[in-house]
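Below is one structure, written out as structure tokens; comments come after it.
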Amino acid sequence: MTTNGYLTKKSVRRSWYLYDWANSSFSTTVITLFLGPYLTSIAENAADASGMISLWGIN
């Protein structure tokens, strides 16, 4: 019923959809797992004795 070109285009599009979905979820997971603790450690090191962090070095 359908031509081979239509099936090929449909399967190629579906492949790209799944690739984009997997790539987006992978990068989101990696950023969440590694960037969160990294930024937390930077903020803890930047805090003064009272635990306050001054934005842009302004007191």
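Numbering (the working numbering), first residue to last: -13 to 45. The beta-carbon is built from N, C-alpha and C at its ideal position, and this holds for glycine as well. Since this is a predicted model, take the numbers as computed values, not measurements.
State the DSSP-derived secondary structure class of residue i, mapped to helix, strand or coil.
{"i": "S(-3)", "result": "helix"}
{"i": "I39", "result": "coil"}
{"i": "A33", "result": "coil"}
Looking only at its chain, what residues have a beta carbon closer than 8 Å to the beta carbon of residue i, apart from the 5 residues adjacent to it on each side?
{"i": "A33", "result": "I39"}
At a threshold of 7 Å, does residue i count as lining the ligand MG (C-beta to nearest heavy atom)?
{"i": "I39", "result": "As for the ligand MG, it is missing from this structure, which has no ligand bound."}
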